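Chains A and B are the protein sequences, given in the same order.
The first sequence begins at 1 in our numbering and counts up by one.
The second sequence begins at 1 in our numbering and counts up by one.
Yeah, the Cβ is synthetic: ideal placement off N, Cα and C, and Gly gets one too.
This structure is a prediction, so every number in the text was calculated from the model and none was measured.
All remarks here apply to the structure that follows.
Number of protein chains: 2
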Amino acid sequence: MRPVLATIITIGDELLIGQTIDTNSAWMAQELNKIGVWVHRRVAIGDVWKDIWQSLDEESKLSEIILITGGLGPTADDITKPLLCQYFGGKLVVNEEALQNVKTIFEKLNRPLIERNLKQAEVPDVCTVLQNRRGTAPGMWFEKDGKIFVSMPGVPHEMKGMMLNDVLPALQQRFQLSPIVHRTLLTAGVGESFLAERIKDFESSLPSNIKLAYLPNYGMVKLRLSATGNDAKTIAELEALFDMLKQQVADVMVIDEDITLQEAVGRLLKSKNKTMATAESCTGGYISHLITSIRGSSNYFKGSVVSYDNEVKENLLHVSRQTLETTGAVSEETVIQMIKGTLQSLKTDYALATSGIMGPEGGTTEKPVGTVWVAVGNREKVRTHQFHFRFDRQRNIELTAHNALNMLRKLILES
Amino acid sequence: MRPVLATIITIGDELLIGQTIDTNSAWMAQELNKIGVWVHRRVAIGDVWKDIWQSLDEESKLSEIILITGGLGPTADDITKPLLCQYFGGKLVVNEEALQNVKTIFEKLNRPLIERNLKQAEVPDVCTVLQNRRGTAPGMWFEKDGKIFVSMPGVPHEMKGMMLNDVLPALQQRFQLSPIVHRTLLTAGVGESFLAERIKDFESSLPSNIKLAYLPNYGMVKLRLSATGNDAKTIAELEALFDMLKQQVADVMVIDEDITLQEAVGRLLKSKNKTMATAESCTGGYISHLITSIRGSSNYFKGSVVSYDNEVKENLLHVSRQTLETTGAVSEETVIQMIKGTLQSLKTDYALATSGIMGPEGGTTEKPVGTVWVAVGNREKVRTHQFHFRFDRQRNIELTAHNALNMLRKLILES
Chain A
1 MRPVLATIIT IGDELLIGQT IDTNSAWMAQ ELNKIGVWVH RRVAIGDVWK
51 DIWQSLDEES KLSEIILITG GLGPTADDIT KPLLCQYFGG KLVVNEEALQ
101 NVKTIFEKLN RPLIERNLKQ AEVPDVCTVL QNRRGTAPGM WFEKDGKIFV
151 SMPGVPHEMK GMMLNDVLPA LQQRFQLSPI VHRTLLTAGV GESFLAERIK
201 DFESSLPSNI KLAYLPNYGM VKLRLSATGN DAKTIAELEA LFDMLKQQVA
251 DVMVIDEDIT LQEAVGRLLK SKNKTMATAE SCTGGYISHL ITSIRGSSNY
301 FKGSVVSYDN EVKENLLHVS RQTLETTGAV SEETVIQMIK GTLQSLKTDY
351 ALATSGIMGP EGGTTEKPVG TVWVAVGNRE KVRTHQFHFR FDRQRNIELT
401 AHNALNMLRK LILES
Chain B
1 MRPVLATIIT IGDELLIGQT IDTNSAWMAQ ELNKIGVWVH RRVAIGDVWK
51 DIWQSLDEES KLSEIILITG GLGPTADDIT KPLLCQYFGG KLVVNEEALQ
101 NVKTIFEKLN RPLIERNLKQ AEVPDVCTVL QNRRGTAPGM WFEKDGKIFV
151 SMPGVPHEMK GMMLNDVLPA LQQRFQLSPI VHRTLLTAGV GESFLAERIK
201 DFESSLPSNI KLAYLPNYGM VKLRLSATGN DAKTIAELEA LFDMLKQQVA
251 DVMVIDEDIT LQEAVGRLLK SKNKTMATAE SCTGGYISHL ITSIRGSSNY
301 FKGSVVSYDN EVKENLLHVS RQTLETTGAV SEETVIQMIK GTLQSLKTDY
351 ALATSGIMGP EGGTTEKPVG TVWVAVGNRE KVRTHQFHFR FDRQRNIELT
401 AHNALNMLRK LILES
């Protein structure tokens with residue numbers, strides 16, 4: 001059984017001029033996949049009447065489901081609602097429940113309600129209204145020539161609420177869906193082409209209903225097997241193949257689940273009942289942020305000293321002034337002392353330290369931009385490594401963070 | 001003169017199943033805008049022969065320029081290059097310069113070169129090759145029926161290098177371009193609909209060549225005026241209107257440039273020759289990360305103590321145990337003491353402190369998830385504010401960070 005095909009249309013100039021990065025579509029695609037809807041096209045267009053109209057025409061030729069986000073705000077640059085009304089041949093009417101919702105929200109916020117906000121409660125009389133439990137703009141479900149069109153607000157948490165509460169359950173009711181099941185593992189330290197070479201026989205022997213994909217990201221590669229169908233036979237076949245894949249990449253595998261490196265480190269610490277802290281110079285708190293973005297991280301993460309300034313390295317992490325003056329802040333000796341200072345001051349089982357030159361300024365002939373020292377340690381041992389990254393500031397920070405977390409993971413594993 | 005229209009096509013299943021968030025398109029759109037190319041459509045499709053072929057057909061009907069990213073890696077799930085070869089009626093040949101590039105990169109990495117990598121140097125004989133100075137996969141420039149098609153790797157820093165070095169200059173040479181000029185200001189603390197109400201007369205009086213857009217994001221709204229053309233008359237008109245807009249929102253304006261709040265704070269500190277540090281509990285280093293993502297931030301940012309654990313609040317920030325035990329970590333008294341401890345330990349002019357419950361766990365009846373205390377201060381005064389956010393963990397962190405930075409900005413301004 002082939003999956004049902006969907007297009008996601010996002011409306012708004014902000015996506016086209018690059019002022020906003022679209023994170024909605026990725027989330028939507030993940031959720032749709034889980035129930036067996038395959039997003040085969042994503043289209044972003046501006047607040048332009050003709051372009052929106054044309055996209056509705058075109059995409060409904062290619063997909064059974066068209067999910068639209070954005071263009072429903074209270075301001076004058078939003079033309080989506082009147083367009084949908086005309087496209088589906090309806091007229092705008094006030095929806096009482098949506099109106100009540102707008103009023104309740106403004107009461108809670110203790111703000112006056114203006115005409116513009118009241119208009120949010122107007123919907124075409126030819127749609128099923130999807131109430132917005134997290135904002136003022138209601139969603140709209142239309143059907144035409146056997147195709148389904150759903151319009152939702154572009155604000156991520158409003159869209160997510162509507163998808164989870166209304167859209168996904170309704171789609172499941174409507175179609176005989178065959179879920180797409182993924183099994184993903186994360187590798188680190190080996191490039192895409194070498195992985196491909198290593199598993200080429202495995203790859204060419206895959207049955208037609210199971211696909212392999214390589215997803216490289218900052219020095220790590222995810223390998224994903226995808227099967228269509230969640231019947232016992234398909235799942236058994238998928239699991240067997242996934243086991244085979246795991247064996248072939250065992251030495252470079254970080255974890256056999258679709259989770260991030262920081263989640264993998266967190267689970268390890270939790271399972272061993274250990275704690276950690278970071279001492280960050282060049283990563284500026286980014287590693288700490290990655291770790292604390294995970295719910296429950298307070299169980300194993302105690303904190304961080306972001307020692308951007310050398311004075312902070314001295315005062316809070318007890319790095320000796322002599323070391324800073326002789327070998328410099330970007331040195332093996334400094335990151336080793338940062339580890340010791342962290343273990344002592346933050347009283348954790350493990351620590352991680354970074355010091356480097358992220359650019360674009362600050363490089364020297366001896367230590368060019370991209371020179372980074374990382375250390376990880378516990379009370380018994382400290383491991384260090386020098387990296388030479390050659391990218392922009394943002395990417396250098398990301399790469400340092402991922403490599404440091406992977407060094408820490410290995411140390412915890414062998415302890 | 002109307003702008004030249006472009007479509008960005010991104011190829012790869014990872015974008016459709018939601019495993020990767022597309023950040024390339026936003027960057028590309030910004031750069032294209034600067035030279036007067038308007039991205040009116042962005043389309044994401046999978047590694048599917050028919051879908052790619054169809055998109056090339058369709059998009060070349062709608063746009064003069066079709067920029068394609070992704071699908072050029074060394075692994076078997078990449079079918080883009082053979083497809084392009086067939087679409088434009090060529091055959092694959094080895095490009096000597098690209099081959100030399102691949103060899104040089106592998107020598108530098110000290111890795112063996114395998115067949116799969118060598119294939120990266122093959123290109124259709126009907127394209128102009130764009131050498132990749134940051135990776136192994138070359139770009140390709142095709143022309144057909146007066147339309148331009150450029151294929152680039154999906155790896156962000158490789159694509160960016162190719163765009164800046166080759167694609168943008170070549171497009172400028174080719175078309176008579178009329179740049180799209182934007183003037184953007186950032187407001188905080190007032191909703192989109194209220195802004196719209198306030199400036200509705202201004203908005204309705206705008207000439208047809210100048211557009212206003214509202215770009216809301218985490219409690220802040222950007223207002224953007226866009227004009228087509230950079231002739232003296234248009235620019236003067238745009239500037240005059242932008243001045244008018246600034247006056248109308250003066251009380252809620254953060255800055256009259258298209259920069260982030262953290263950049264605005266950094267500039268303020270630099271201009272006053274002052275320093276700052278953060279003490280972060282619930283934001284977990286995110287504010288420190290935002291600040292240190294900006295080049296040159298070491299001039300005014302000394303560091304941060306991420307005191308996720310109460311012990312760290314006591315030991316490094318000198319918050320009294322009594323306070324933590326009586327009023328709790330999420331309290332006004334705690335964030336005030338965090339400010340004092342930070343000013344003392346990190347020796348800065350300004351400090352910012354956060355403590356709250358980000359969720360999904362950890363809430364109580366008295367202090368539900370989303371309860372956050374923020375303090376900002378210098379040696380003379382401390383300002384505090386309690387927030388009640390009602391979103392998910394990620395959004396609560398973002399909102400806390402933005403509100404804290406804005407509180408700090410106001411304090412610096414009035415000092």
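Tell me where the beta strand (DSSP E) around residue i begins and ends.
| i | result |
| --- | --- |
| B/P216 | 210-217 |
| A/R41 | 37-45 |
| B/A227 | 220-228 |
| A/R183 | 180-188 |
| B/M253 | 253-255 |
| A/P124 | 122-124 |
| A/S151 | 147-152 |
| B/L5 | 4-11 |
| A/L130 | 128-130 |
| B/E421 | For chain B, the structure presents residues 1 to 415; residue 421 of chain B sits outside this window and is missing. |
| A/A279 | 276-280 |
| A/A375 | 371-377 |
Taking the alpha-carbon positions, what's the residue i to residue j distance?
| i | j | result |
| --- | --- | --- |
| A/F194 | B/P82 | 21 Å |
| A/E366 | B/Y218 | 42 Å |
| B/L225 | B/I180 | 10 Å |
| B/E332 | B/E414 | 22 Å |
| B/L109 | B/L215 | 44 Å |
| B/T348 | B/N299 | 12 Å |
| B/E192 | A/S151 | 20 Å |
| B/K272 | B/Q386 | 28 Å |
| B/M163 | A/Q394 | 18 Å |
| A/G36 | B/I17 | 11 Å |
| A/L346 | A/T20 | 38 Å |
| B/A351 | B/P169 | 45 Å |
| B/E59 | A/I210 | 31 Å |
| A/S297 | A/L405 | 15 Å |
If I follow the unbroken alpha helix (DSSP H) through residue i, where does it start and stop?
| i | result |
| --- | --- |
| A/F301 | It is not in any alpha helix (DSSP H) - A/F301 instead sits in the beta strand (DSSP E) that spans 301-307. |
| B/V102 | 96-109 |
| A/A401 | 393-414 |
| A/M159 | 156-162 |
| A/M338 | 332-346 |
| B/L317 | 310-317 |
| B/S288 | 286-292 |
| B/L171 | 168-174 |
Run through DSSP, which three-state label would residue i get?
| i | result |
| --- | --- |
| A/T326 | helix |
| B/R383 | strand |
| A/F242 | helix |
| B/F142 | strand |
| A/I137 | Per the sequence shown, residue 137 of chain A should be read as Ala rather than Ile. DSSP places A/A137 in coil when its eight states are reduced to three. |
| A/G263 | Before going further, note that residue 263 of chain A is Glu rather than Gly in the sequence given. Note: A/E263 maps to helix in three-state DSSP. |
| B/T80 | helix |
| B/L268 | helix |
| A/I65 | strand |
| A/E366 | coil |
| B/S55 | helix |
| A/E237 | helix |
| B/L15 | helix |
| B/L92 | strand |
So residue i and residue j are supposed to be a Cβ contact under 8 Å. How far apart are they, rounded?
| i | j | result |
| --- | --- | --- |
| B/I294 | B/Q337 | Actually they are not in contact, since the Cβ atoms of B/I294 and B/Q337 sit about 28 Å apart, beyond 8 Å. |
| B/P156 | B/N24 | 6 Å |
| A/H402 | B/G284 | Contact doesn't hold; Cβ gap of about 18 Å is too wide. |
| B/S355 | B/V376 | Their Cβ separation, rounded to whole angstroms, is 13 Å, which puts B/S355 and B/V376 out of contact at 8 Å. |
| A/V382 | A/T400 | About 17 Å; that fails the 8 Å criterion. |
Counting contacts by CB-CB distance shorter than 8 Å, is residue i in contact with chain E?
| i | result |
| --- | --- |
| A/N403 | Among the protein chains in the structure shown, which are A and B, there is no chain E. |
* Determine contact between the stretch 294-304 of chain B and the stretch 297-316 of chain A, defined as no fewer than three beta-carbon pairs at a distance below 8 Å. => yes
* **Three-pair Cβ contact test at 8 Å for the stretch 2-12 of chain B versus the stretch 57-67 of chain B** => yes
* Is there contact between the stretch 160-175 of chain A and the stretch 117-125 of chain A, where contact requires at least three CB pairs shorter than 8 Å? -> no
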